[in-house]
Amino acid sequence: MSRSSPATAAPLTPRIHHRGHGGFTLLEAMITIAILAVVLAIAIPSFKSLTASRAVNSQLSALAGALRLTRAEAIKHGARVSICPNMACSGNQWKDGWIIFLDPTGTGAVTSANVLHQQPAFSNSGGIYFCGGKNRIAFKGNGLAGGGQSSFSIMPPLPSTDALYIKASQKLTVNSTGNTYATKEANPC
């Protein structure tokens, strides 16, 4: 019996397995960084505007709610209820919070016994300022605002030289019937 030669045998060349590369090329990394820089250059000013507007809207909403609560408490008690920035009813730093209190004599004298609600300070505030000489708003037992129309300026937490400072600022007005409304104004007070 004769042996046949292995004519069909596998070739003796090694198999080369091509694996994908496991990283980025320098060119790919540079293009990615350039695209990211362009996106951030566009997004950061928009984000600044968004955060400033949100801070103002949050404070505006809280203050408008407090004014509605003050009016509701006056109607509920059938007596004058006031809101002011602190226990001494002095100053104009409403961003540091406020106090709603029963004020039947209209003197603005706050005691711990007549406090109905207290708002803590805002952590991210540019300022809430009462426009005018008064430092408190009083609602009569019938819900009308004593002293007529009053307003507040709510400012964003930005330097006053920033272009967004005026753009994000808002004015909250309490009319003589005790209702509130907000407006965007270049000069809120």
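Counting from -4, one number per residue, gives the positions in the sequence shown under my numbering. We treat Cβ as the ideally placed atom computed from N, Cα and C, and that holds for glycine. Every value quoted in this text rests on a predicted model; they were computed, and no experiment measured them.
Taking the alpha-carbon positions, what's the residue i to residue j distance?
i: N52; j: W93; result: 17 Å
i: F147; j: V76; result: 18 Å
i: P80; j: F42; result: 31 Å
i: A163; j: K179; result: 8 Å
i: C209; j: I37; result: Since the first residue shown for the chain is -4 and the last is 184, residue 209 is missing from the structure and cannot be characterised.
i: F125; j: V34; result: 40 Å
i: V169; j: A108; result: 27 Å
i: Q165; j: I26; result: 42 Å
i: T20; j: L31; result: 17 Å
i: Q114; j: G73; result: 23 Å
DSSP has residue i in a bridge; who is on the other side?
i: S107; result: Paired residue(s): none; S107 is not in a bridge.
i: Q114; result: W93
i: I123; result: I149
Tell me whether residue i sits in a helix, a strand or coil according to DSSP, three-state version.
i: T178; result: strand
i: K166; result: strand
i: F134; result: strand
i: S48; result: helix
Would you call the CB atoms of residue i and residue j closer than 9 Å?
i: L111; j: F134; result: no
i: G173; j: L62; result: yes
i: A177; j: A59; result: yes
So, do the stretch 148 to 167 and the stretch 105 to 121 have three or more beta carbon pairs nearer to each other than 8 Å?
yes
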